[in-house]
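Since the structure comes first, as structure tokens, the remarks are kept for the end.
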Amino acid sequence: MKKITTILSFGMLLFWSSNSLAQITVQNTQSPSSLVQNVLMGTGVVASNITFNGSAVDAQMPQGNVTFFNNNGSAFPISTGVLLTSGNGSAAVGPNNSGSFSNNLPATSMVSTDPDLIAISNDDPTNGVVLEFDFVPAGDTISFRYVFASEEYPEFVNAGFNDAFGFFLSGPGISGPYSNSSINIALVPGTSTPVTIDNVSPSTNSAYYVNNVNGVAYGTAIQYDGTTVVLTANASVQCGQTYHIKLAICNISDTGYDSGVFLEADSFSSEAVDIAVATVTGDTTVIENCTSAQFIFSRPQTQLGDTLLVNYDIGGTAIMGTDYNNLANPITFLPGEDTIVVTLFPTGDGITESPETVIITATTITECGDTIVTTGTLYIIDGSTLPINESNPTVFCANDSVLVTATASGGFAPYTYAWSYAGQTGSSAYVPILQNGSIDYIVTATDQCGNMGTDTVTVTMNQTLAIDTMMTFPASACTPDGAVSGMGQGITGQPHYHWEGPNTGGPSQIDASVMQNLSPGWYVFTITDNVCSVTDSVFLTSEPGPIADMTLSSISGCNPLTVTFTNNSQNATTYEWYFGNGNNVTVNDLSSQTQVFTASADQALIAINGPCRDTAFASVLIVECGCTDPSATNYDPTAVQNDGSCIFPEPSVIVPNIFTPNGDSNNDVFKLTTVNATEVILKINNRWGNNVYEGSGLDPYWDGKINGTIAPDGVYFVQYTVKGLMGKEITGQGFLQLIR
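What follows is the structure, given as structure tokens:
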């Protein structure tokens, strides 16, 4: 029993990338032999005797039509592998900008005389490649995945230009029509029909055809106008026996319109369960708490009919359940299932540490009794600080909107930005600087994994222009004869001066640094030179003008009304009084004036100082006077103001001295008879001084009962108060005889 150990290759699947603009890359830095051994070979297969166009020597040197390719995260469905082309492999690189692209290599006799290419095409091969090698399978099947592509699609389908290719397999148990009794395993699925542009096209077996004219399928990834879908070549073999395979492709009849076949890395395998690792970074690393990795377990197509249980070992320095999620183990392939994906999510622990490893090892026992061990290593790394390339602008004039920019790199795009000024976001912002010196603004960039970077953008201002001096010359009262002036410093070139204010405005002036004949108010001064513009303002005052003001001892009253006018004016030399009662007075001092009014009138006081005048106004109101209280005996309904002449009636009272509460409805209660009363307070005591009744209101009375019980006959003592208008009242006392 043999033990075969295979180190995993890592599929570079960029799940988060925008793949419509990516292109494949093609490299011819490895020899065909190296590409077979180190790229194409998967698990359970050992290759030997590798030749290129019949030469073992040439197989050890890089060749232009046997190259390594990488899809770089593009839409092309195979990540990496070996590319065989009829011309130079560089012709495969996108975008699809030509319908007939070629990058010819010279024809070789080994290709042009190859009996199998002649047989499969029934025509004359020209240039191309024949890659052959022996291999020993560890299982009972052999398989690999591929995509056939051609520039002859779609216009030369069934037009006689049918570039040929085939995978010719020979060895124990195989008998076919080609050389060495080989068979062609490059077949349309489920048929014995070879894959060609005539047999897989928009009209024939179209389910396996992909149209890429103008990059409709793969964006800018490849140049070819059409391809097949990903197909699988497979055959039954005898484990441990030696087989020979010839991988060949060529142009037919001409050397134009290149074709190629993409062979998937690690897919040439036999029996064993294969494991590939796909990460967002396209390599063997994942970022804590950010990117994930997929362990892709796959088995040969020939084993799909059985249930397969696969146990695998998990090792490495990272701890499952702590550094990453728990992984399902074992896994079970159900009948018809060829792929199982186990996803690893690294956990963020906030600790700065060296890379941690996760090592997955799967073991398969082949029918030959061989043990195939497949092993791969994944690295978990910390997130990194994002570097930021920032602008540091210098301005020569105060500016409240200076453009600053920052560009993050590293990590995982796209990035978001946060600026320390005004909550701005985006890779650019606008910030102020209003005086000479430097101001720092902070920008923080964050990628989609939460990795951050912080940098300082420094904005510097070096302004020389300034307003040095501003002066004012106050205006006279009521006369626009003031002036303002301004002076600048640090001027570059010819300055222009401009004033704005109550008496100015208009275009800039070269020599208008002084403005005259101005009224009071704010004036804005602007100097503009060849570099900058500066502004300042100044308030122009004036000498105080006259202020007229007066107060009145009374503003309303009865006829006749005497009013004294007090002059409170300021900054005046002459005063003109207009009283509205026929009297006008002009004086040169602040003396008070007394006037008598028999009728309402309006007044004016004019304070004068030279040409300046100011006026104050007042009014005196004469009203109808009399008694305004309706309760008075001399009430005057036409009076507006009460003159104190109201006369109010006196209250009076009659006090009975006997009553007979015997229920005959005659003199059954004791009460007072009052006139002009507003309230009556009545108290009654028995002869021992005990209170038997107390009441108040307009007409209180006693019914001859004490707390609901009939009072005895006898003499009772009475006290009363009778209140009238304007606080007048009558108080008294006496005796009351109760007889039943």
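If you use mature numbering (1 follows the signal peptide of the UniProt record, and there is no 0), the sequence shown corresponds to residues -22 to -1, 1 to 718, in order.
Beta carbons: idealized from backbone N, C-alpha and C, even for Gly.
Asked                                                                                                                 : Found
Range of the contiguous beta strand (DSSP E) that encloses S532                                                       : Premise fails: S532 is in no beta strand (DSSP E) and is neither H nor E.
Buried or exposed by the 16-neighbour rule on C-beta atoms within 10 Å, applied to N685                               : exposed
Sequence-distant residues of the same chain with beta carbon closer than 6 Å to N289, five excluded per side          : P308
Where the beta strand (DSSP E) containing F411 begins and where it ends                                               : Rather than Phe, the amino acid found at residue 411 in this sequence is Ile. That run of the beta strand (DSSP E) goes 406 to 411.
Whole-number beta carbon distance between Y556 and N562, since they are thought to touch under 8 Å                    : 5 Å
Distance CB(residue 753)-CB(I338) smaller than 7 Å                                                                    : The displayed coordinates of the chain run from -22 to 718. Any statement about residue 753 would go beyond what the structure contains.
Inside the segment 552 to 582 only - beta strand (DSSP E) runs reaching at least 3 residues                           : 552 to 556, 562 to 565, 571 to 575
Reduced DSSP category for V700 - H, G, I as helix; E, B as strand; rest coil                                          : strand
Whole beta strand (DSSP E) elements within the segment 90 to 153, 3-residue minimum                                   : 103 to 115, 119 to 128, 142 to 148
Span of the alpha helix (DSSP H), counted from its first residue to its last, around L286                             : Careful: L286 lies outside any alpha helix (DSSP H), inside the beta strand (DSSP E) at 286 to 288.
Alpha carbon of V516 to alpha carbon of V574, nearest angstrom                                                        : 51 Å
Span separating the alpha-carbon of Y187 from that of I96                                                             : 24 Å
Extent of the continuous alpha helix (DSSP H) run through S12                                                         : 10 to 13
Three-way DSSP call (helix, strand, coil) for Y186 in this model                                                      : helix
Assigned exposure category for Q41 - 16 Cβ within 10 Å defines buried                                                 : buried
Three-pair Cβ contact test at 8 Å for the segment 98 to 110 versus the segment 203 to 220                             : no
Span of the beta strand (DSSP E) around S416                                                                          : 415 to 424
Bridge partner(s) assigned by DSSP for Y679                                                                           : K649
Outcome for F145 when other beta-carbon atoms lying within 10 angstroms are tallied against a minimum of 16           : buried
According to DSSP, residues forming a beta bridge with P172                                                           : L165
Beta-bridge partners of V670, as assigned by DSSP                                                                     : Answer by DSSP bridge pairing: none, since V670 is not bridged.
Closest by C-alpha distance to A407, when choosing among A396, D284, G326                                             : A396
Option in I533, M493, V512 with minimal Cα separation from L518                                                       : M493
CB contact check: E368 to chain D, cutoff 7 Å                                                                         : Within the model displayed, chain D is absent; a lone protein chain is all it includes.
Backbone CA spacing between V258 and I417 [nearest angstrom]                                                          : Any reading at V258 needs caution, since the residue's pLDDT is 49, under 50, leaving its predicted position unreliable; the model's value is listed next. In a straight line, the C-alpha of V258 is about 40 Å away from that of I417.
L18 vs V44 beta-carbon contact at 7 Å                                                                                 : no
Where V502 falls: helix, strand or coil (DSSP)                                                                        : strand
Stretch pair the segment 439 to 457 + the segment 518 to 532: three plus CB contacts closer than 8 Å                  : yes
Delimiting residues of the beta strand (DSSP E) encompassing D514                                                     : 511 to 518
Residues of its chain near V178, where Cβ-Cβ distance is below 6 Å and the 5 sequence neighbours each way are ignored : Y186, Y187, T206
Any 3 or more C-beta pairs closer than 8 Å across the segment 387 to 402 and the segment 323 to 337                   : no
Burial state of Q581 (16 or more Cβ within 10 Å)                                                                      : buried
Beta strand (DSSP E) segment containing C228, residue limits                                                          : 221 to 230
Separation of V658 from K706, as counted between CA atoms                                                             : 12 Å
Whole-Å CB distance - I200 paired with F54, under 8 Å assumed                                                         : 6 Å
Neighbourhood of Q571 by C-beta distance below 7 Å, restricted to the same chain and skipping five residues each side : F543, W555, V563
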